[in-house]
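Numbering (my numbering), first residue to last: 96 to 383. What follows is a set of notes on a single structure, which appears directly below.
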Amino acid sequence: MKKAVLIIVIIVALFAALFICKNFIVKTSLMKGIKAVTGLKLKIKSVDVGLVNTLIGFEELKLFNPPGFVDELMIDMPEIYVDYDLGSFIKGKAHLQEVRLDLREFFVIKNEDGVINLDSLKVVKGTKEKKVDETKKKTEMPELQIDLMKLKVGKVIYKDYTKGTPPKVSEFNVNIDEQYENISDPYALSSLILVTALKKTTIAKLANFNLGPFQDEVRGKVLDVTKKFKETSGTLKEIGQSAEKEVQTTVEKAVESSRDAEKKIGDTAKETVEKATDTFKKILPFGK
Numbered sequence: 096m097k098k099a100v101l102i103i104v105i106i107v108a109l110f111a112a113l114f115i116c117k118n119f120i121v122k123t124s125l126m127k128g129i130k131a132v133t134g135l136k137l138k139i140k141s142v143d144v145g146l147v148n149t150l151i152g153f154e155e156l157k158l159f160n161p162p163g164f165v166d167e168l169m170i171d172m173p174e175i176y177v178d179y180d181l182g183s184f185i186k187g188k189a190h191l192q193e194v195r196l197d198l199r200e201f202f203v204i205k206n207e208d209g210v211i212n213l214d215s216l217k218v219v220k221g222t223k224e225k226k227v228d229e230t231k232k233k234t235e236m237p238e239l240q241i242d243l244m245k246l247k248v249g250k251v252i253y254k255d256y257t258k259g260t261p262p263k264v265s266e267f268n269v270n271i272d273e274q275y276e277n278i279s280d281p282y283a284l285s286s287l288i289l290v291t292a293l294k295k296t297t298i299a300k301l302a303n304f305n306l307g308p309f310q311d312e313v314r315g316k317v318l319d320v321t322k323k324f325k326e327t328s329g330t331l332k333e334i335g336q337s338a339e340k341e342v343q344t345t346v347e348k349a350v351e352s353s354r355d356a357e358k359k360i361g362d363t364a365k366e367t368v369e370k371a372t373d374t375f376k377k378i379l380p381f382g383k
């Protein structure tokens, strides 16, 4: 009896320890994961891990620039939400059923030496070294599968310090809200975020930063659900417009036929009345 009670106490204690430590464990794991993917330091204010469900919420995340930049911050994220598959994590794989990523501000900085902060990202370094060896990618990067990612980008800011302080600043309120499916490559994920953030700006041109290789990295590896939805909506709209035009043509033909019929009936009626009038004139005494 005492042994059974002791086992229960140990189990409760383990769960209590897990409950206390879970946020710290997940927070540390994410920071290490981001470091592995980007090569940069990440700071997280708070983490909330569901003990019953498989939801994880991260709040007030900040990704910092490497040394050599006056501005410390590269990306300001108010929140990240992740719905993960527990079974895959037990097997040592990162299978995320849904990821909601919100980038409030993205800072692209060119320092006084003409170096861009984006060049410090591992995905950029790998691209500039032409092609990262696939076996090297597999050993360096964690296994990843994201079924659905909802990506928001609010503002992208470019600061150019090449002519001294204060820098020349260009701000772009992009307000992007898009969805992507089937992301299985950490390099493709980093490239996707980079391309999505910059595609509605002129920063690539201002900073002389080539987005082409990153677009190639994403192409064929990630399904753009937003684009697919728009294309489907466009097709449905075209079908609707075609059907509307066809109905309009049919109605116009019907109206035209109706007018022709009305005209014929009117002419026939007029002719009949005239004939009847002539007949009455002949019959009646006052008709002549």
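For each residue, glycine too, the CB sits at the ideal point set by N, CA and C.
(request) Could you check if E238 is buried or exposed, using at least 16 other CB atoms within 10 Å of its CB as the buried criterion? (result) Residue mapping note: residue 238 aligns to position 143 of the sequence shown, counting from 1. Residue environment: E238 is assigned as exposed (fewer than 16 neighbouring CB atoms within 10 Å of its CB, all protein chains considered).
(message) Can you tell me whether D214 is helix, strand or coil according to DSSP?
(response) Along the sequence shown, one-based indexing puts residue 214 at 119. DSSP places D214 in the helix class (H, G or I) of the three-state scheme.
(request) Taking all protein chains shown into account, decide if D143 is buried (16 or more other Cβ within 10 angstroms of its Cβ) or exposed. (result) Reading the sequence shown from its first residue, position 48 is the one you call residue 143. By the 10 Å Cβ count, D143 comes out exposed.
(request) Go ahead and label K217 buried or exposed: buried means 16 or more other beta carbons lie within 10 angstroms of its beta carbon, across all protein chains shown. (result) Taking the first residue of the sequence shown as 1, we reach residue 217 at position 122. Burial check for K217: the Cβ neighbour count within 10 Å reaches 16 or more, so the residue is buried.
(message) Check whether the stretch 201–209 and the stretch 279–287 touch, using three or more Cβ-Cβ pairs below 8 angstroms as the test.
(response) The stretch 201–209, when compared against the stretch 279–287, does not touch it at the 8 angstroms Cβ threshold.
(message) By the DSSP assignment, the beta strand (DSSP E) with K138 in it spans what residues?
(response) Along the sequence shown, read from residue 1 onward, the residue named residue 138 stands at position 43. Going by DSSP, K138 is part of the beta strand (DSSP E) stretching over L137 to V144.
(message) Taking 8 angstroms as the cut-off, does the stretch 172–184 touch the stretch 153–164 (at least 3 CB pairs, one atom from each stretch)?
(response) The stretch 172–184 and the stretch 153–164 touch, with three or more beta-carbon pairs separated by less than 8 angstroms.
(message) On the CB-based measure, 16 or more other CB atoms within 10 Å of its CB, does I170 come out buried or exposed?
(response) The residue labelled residue 170 in the question sits at position 75 within the sequence shown. Flag for I170 reads buried.
(request) Look at the Cβ atom of P262, then the Cβ atom of K250, and state whether they are nearer than 8 angstroms. (result) Looking up residue 262 in the sequence shown gives position 167. Looking up residue 250 in the sequence shown gives position 155. Not closer than 8 angstroms, so no.
(request) Enumerate in chain order the residues of its own chain whose CB-to-CB distance from N270 is below 7 angstroms, with the five nearest sequence positions on each side excluded. (result) Taking the first residue of the sequence shown as position 1, residue 270 is located at position 175. Result list for N270: G249, in chain order.
(request) Identify every residue that forms a DSSP beta bridge with V264. (result) Counting from one through the sequence shown, the residue named residue 264 turns up at place 169. DSSP links V264 through a beta bridge to K254.
(message) Here's the rule I'm using: 16 or more other beta-carbon atoms within 10 Å means buried, otherwise exposed. How should T296 be labelled?
(response) Your numbering for residue 296 matches position 201 in the sequence shown. So T296 counts as buried.
(request) Along the beta strand (DSSP E) that carries E193, what are the first and last residues, could you check? (result) In the sequence shown, the residue the question calls residue 193 occupies position 98. Element bounds for E193: A189 to K205.
(message) Measuring only the C-alpha atoms, how far is G134 from T260?
(response) Taking the sequence shown and counting its residues from 1, one reaches residue 134 at position 39. Taking the sequence shown and counting its residues from 1, one reaches residue 260 at position 165. Their Cα atoms are separated by approximately 27 angstroms.
(message) Could you check whether F202 and I252 sit closer than 8 angstroms to each other, using their CB atoms as the reference points?
(response) Stepping through the sequence shown from its first residue, residue 252 is reached at position 157. Stepping through the sequence shown from its first residue, residue 202 is reached at position 107. The answer is yes: Cβ separation under 8 angstroms.
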